[in-house]
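Q:
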Amino acid sequence: MPNQPNLNEVPTAFCLKDTPVENQRSLRVIIIGAGFSGIYTTIRITQKLRNIDLTVYDMNDAVSGVWWLNRYPGLACDIPFSRQTHIGHPYTLQGQKSVPICKMLLHVTVRDLKTDDEFEDTADVVISARGGLNQIYWPKIAGIEGFKGKLMHSGAWDESYDARNQKIGVIGNGSSAIQIVPSLQCLEGTQLWCFARSPTWIAASFGDMAMRKIGRDPKDTQFSKRHQEYMARHPEEFHRIRKTLENEAAKLFPVTLKGSEESNMVQTAIEGDMRRRLGNKSDITDALLPKFAPGCRRLTPGPNYLEALQEDNVHFTNAPIRNITPRGIEMASGEHIDLDLLVCATGYDVEAPPLFELVGRDGMSLSERWQPYAEAYLGVAVDSFPNFLLVGGPNSGLGSGSLISVFEAQGDYAVKMLRKMQKEDYATFEVKSNRVADFSQYIDEEIWVAYSGFVARILKSLPRGIARPEMGRLSLGVGEFEWKLTEMVG
Numbered sequence: 006m007p008n009q010p011n012l013n014e015v016p017t018a019f020c021l022k023d024t025p026v027e028n029q030r031s032l033r034v035i036i037i038g039a040g041f042s043g044i045y046t047t048i049r050i051t052q053k054l055r056n057i058d059l060t061v062y063d064m065n066d067a068v069s070g071v072w073w074l075n076r077y078p079g080l081a082c083d084i085p086f087s088r089q090t091h092i093g094h095p096y097t098l099q100g101q102k103s104v105p106i107c108k109m110l111l112h113v114t115v116r117d118l119k120t121d122d123e124f125e126d127t128a129d130v131v132i133s134a135r136g137g138l139n140q141i142y143w144p145k146i147a148g149i150e151g152f153k154g155k156l157m158h159s160g161a162w163d164e165s166y167d168a169r170n171q172k173i174g175v176i177g178n179g180s181s182a183i184q185i186v187p188s189l190q191c192l193e194g195t196q197l198w199c200f201a202r203s204p205t206w207i208a209a210s211f212g213d214m215a216m217r218k219i220g221r222d223p224k225d226t227q228f229s230k231r232h233q234e235y236m237a238r239h240p241e242e243f244h245r246i247r248k249t250l251e252n253e254a255a256k257l258f259p260v261t262l263k264g265s266e267e268s269n270m271v272q273t274a275i276e277g278d279m280r281r282r283l284g285n286k287s288d289i290t291d292a293l294l295p296k297f298a299p300g301c302r303r304l305t306p307g308p309n310y311l312e313a314l315q316e317d318n319v320h321f322t323n324a325p326i327r328n329i330t331p332r333g334i335e336m337a338s339g340e341h342i343d344l345d346l347l348v349c350a351t352g353y354d355v356e357a358p359p360l361f362e363l364v365g366r367d368g369m370s371l372s373e374r375w376q377p378y379a380e381a382y383l384g385v386a387v388d389s390f391p392n393f394l395l396v397g398g399p400n401s402g403l404g405s406g407s408l409i410s411v412f413e414a415q416g417d418y419a420v421k422m423l424r425k426m427q428k429e430d431y432a433t434f435e436v437k438s439n440r441v442a443d444f445s446q447y448i449d450e451e452i453w454v455a456y457s458g459f460v461a462r463i464l465k466s467l468p469r470g471i472a473r474p475e476m477g478r479l480s481l482g483v484g485e486f487e488w489k490l491t492e493m494v495g
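In terms of this note's numbering, the sequence shown has 175 at position 170, counting the first letter as 1, and numbering is strictly consecutive.
1. Can you tell me where the alpha helix (DSSP H) with R245 in it begins and where it stops?
2. Going by Cα to Cα distance, which pick from A313, Y447, R424 is closest to N400?
3. Exposed or buried, which one is F124 when buried takes at least 16 other CB atoms within 10 Å?
4. Tell me the DSSP secondary structure of I334 in three-state form.
5. Measuring CB to CB, does G397 end up less than 7 Å from T46?
6. When the Cβ atoms of the stretch 411 to 425 are set against those of the stretch 147 to 163, are three or more pairs found closer than 8 Å?
7. Suppose the cutoff is 7 Å on Cβ atoms and the five residues either side in sequence are ignored; what does the same chain contact list for Y382 look like?
8. Please report the distance separating the alpha-carbon of G300 from that of K263.
9. Beta strand (DSSP E) containing K172: first to last residue?
10. Flag this pair as touching only if the stretch 300 to 319 and the stretch 207 to 217 have three or more C-beta atom pairs under 8 Å; answer yes or no.
11. Consult DSSP for A313 and reduce its assignment to one of helix, strand or coil.
12. Within the same chain, show all residues whose beta-carbon is closer than 6 Å to that of W488, passing over the 5 residues directly before and after it, in chain order.
13. Rounded to whole angstroms, what is the Cα-Cα separation between R424 and S438?
14. According to DSSP, what are the bridge partners of L196?
15. Applying the 10 Å Cβ sphere with the 16-neighbour rule, what's the burial state of P25?
16. With respect to the alpha helix (DSSP H) encompassing L293, which residues constitute its N-terminal and C-terminal limits?
17. Given I219, which residues of its chain have a CB within under 7 Å of its CB, disregarding the five upstream and five downstream residues?
18. Using beta-carbon positions only, say whether I176 and F200 come within less than 7 Å of one another.
19. If you run the structure through DSSP and keep just helix, strand and coil, what is P391?
20. So V34 and D129 are supposed to be a Cβ contact under 8 Å. How far apart are they, rounded?
21. Would you kindly work out how many angstroms separate the C-alpha atoms of E335 and L192, rounded to a whole number?
22. Between I329 and I149, which are expected to be in contact by the criterion C-beta below 8 Å, what is the C-beta distance as a whole number of angstroms?
23. Answer yes or no: do S507 and A350 have a C-beta to C-beta separation smaller than 7 Å?
24. Give me the DSSP bridge partner(s) of K155.
25. Kindly indicate the opening and closing residues of the beta strand (DSSP E) around D167.
26. Return helix, strand or coil for R327, following the three-state DSSP convention.
27. With a threshold of 16 other CB atoms inside 10 Å of the CB of Y77, please say whether the residue is buried or exposed.
28. Which residue comes first and which comes last in the beta strand (DSSP E) that contains V34?
29. Are I48 and L394 touching if we call contact CB-CB under 7 Å?
30. Expressed to the nearest angstrom, what Euclidean distance is found between the alpha-carbon atoms of A136 and D317?
31. Rounded to the nearest angstrom, how far is the Cβ of H320 from that of G333, given a contact under 8 Å?
32. Evaluate P391 with the Cβ neighbour count: other Cβ atoms within 10 Å of its Cβ, from every protein chain shown; 16 or more gives buried, anything less gives exposed.
33. Helix, strand or coil for V385 per DSSP?
34. Suppose the cutoff is 6 Å on Cβ atoms and the five residues either side in sequence are ignored; what does the same chain contact list for D388 look like?
35. Strictly by DSSP, which residues pair up with P377?
36. Using only CA atoms, which one of D66, P144, R55 lies nearest to R327?
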């Protein structure tokens with residue numbers, strides 16, 4: 006006769022919690038970074054969740070991230086700035102204090118950049134919203150550290166320096182150089198040398214058609230205080246303007262698709278415009294016109310850049326540099342160019358891991374995990390790094406349009422993850438490695454980046470991924486993560 010269960014025995018492996026089903030347990034959350042993505046994620050957490058003890062750390066003296074760091078002359082947004090704003094209502098940054106009960110805590114060591122003091126903090130979840138435009142990239146040219154003149158990077162501009170009547174060299178011809186050169190060229194008494202390494206498409210200003218549709222001169226990019234106050238009183242007008250700008254930007258999406266009719270048409274149009282603007286400067290035209298299609302890289306609008314290159318006080322070259330001397334730049338040909346100011350408009354090391362060490366499961370650092378390339382599921386989660394989320398992670402970039410929509414989608418995704426932890430009493434979550442691999446395969450198949458014989462697999466727009474304007478938000482799937490419950494307490 007089979008053994009009968011002892012009904013008097015009380016099982017000890019499981020015990021119900023004496024709490025409401027919809028109870029949202031307290032969580033301690035740390036956000037690293039207070040730029041666009043960090044600000045939005047902070048807003049949404051405080052708007053949508055309760056019982057969150059939230060702290061935001063940032064390395065700068067003020068919020069706004071890359072827009073606080075960059076001070077170079079000519080700095081401007083490459084799209085109408087009204088599209089670089091978050092959708093939402095007035096908000097507060099105050100979170101509710103709580104006592105974490107989760108068994109797993111993430112330990113964060115923080116150094117005060119003013120006092121150099123260090124302290125430790127702990128959290129249930131850490132969200133990195135540090136962005137990719139904060140680690141400046143210095144050109145790897147021999148002798149740069151020995152230059153005796155003024156050395157500046159576009160991402161660390163010295164606003165106190167007077168560049169008038171100076172001999173100035175600008176290394177680079179990317180987004181920042183395209184804005185810096187016209188601003189320096191027009192200064193009194195300047196002589197400017199532009200050192201371009203690679204070709205690039207120089208497009209007309211984005212949003213011209215949209216500006217005409219809303220009844221404004223495309224060159225009149227400044228909305229008066231009176232107009233801003235009017236839109237504040239009439240939000241439907243602001244919504245109309247923003248919707249028009251968004252719709253026009255969305256029409257550029259097919260340009261990012263390899264071999265598309267739109268890509269070919271835009272290439273023909275931009276090439277014709279560049280040749281027209283450069284006139285008889287065929288040497289500059291030949292040096293700047295790329296062999297790759299415009300959609301291969303994010304287009305860079307350059308009002309007045311091509312015109313500045315033709316001025317008498319500007320000298321353009323794409324010849325190789327041999328080294329930098331204490332007095333200037335020595336070209337491979339042997340020519341030496343004396344300089345008072347050397348500007349490195351060479352961008353940021355967007356592939357670099359965070360400046361702070363990030364250690365995940367089994368002692369693996371993020372730098373090790375991101376070899377030979379960075380990858381993250383939907384740009385938000387990395388396997389072997391439980392309870393860690395990214396906003397603006399690998400492959401979050403756009404070929405056209407505003408990154409804000411991506412940050413909003415990823416910030417809302419983080420809110421969904423936190424809500425699930427709270428309501429279902431999970432202690433940990435960790436994305437499955439096969440999901441990260443699947444997403445990387447998707448990127449390989451959908452993204453194309455190829456120019457000058459170089460082929461890259463990361464850091465490009467997502468033609469049919471999270472950045473689709475019509476997609477809007479990321480869905481929280483059930484099979485992408487491993488979830489573990491907190492210890493049951495009777």
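Idealized CB from N, CA, C, for every residue including glycine.
Bear in mind that the values here come from a model prediction, so they are computed numbers and not experimental data.
A: In brief:
1. 240 to 255
2. Y447
3. exposed
4. strand
5. no
6. no
7. V436, R440, V441, F444, E485
8. If you take the alpha carbons of G300 and K263, they lie about 7 Å apart.
9. Residues 172 to 176.
10. yes
11. helix
12. Y431, F434
13. 23 Å
14. Contrary to the premise, residue 196 reads as Gln rather than Leu in this sequence. Per DSSP, K172.
15. Around the beta carbon of P25, a 10 Å sphere encloses fewer than 16 other beta carbons of the protein chains shown; the residue is thus reported as exposed.
16. 287 to 293
17. I246, T249
18. Cβ distance < 7 Å, so I176 and F200 count as in contact.
19. coil
20. 7 Å
21. 25 Å
22. 5 Å
23. Any question about residue 507 goes unanswered here, given that the chain covers just 6 to 495.
24. L346
25. No beta strand (DSSP E) holds D167; DSSP gives it neither H nor E.
26. strand
27. buried
28. 32 to 37
29. No. Outside cutoff.
30. Sequence inspection shows Gly at residue 136; the Ala mentioned does not correspond to that position. Roughly 39 Å separates the two Cα atoms.
31. About 13 Å; that fails the 8 Å criterion.
32. buried
33. coil
34. Excluding sequence neighbours, D388 sits near V436, S438, V441.
35. BP columns for P377 are empty, so no partner.
36. Among D66, P144, R55, the Cα nearest to that of R327 belongs to P144.
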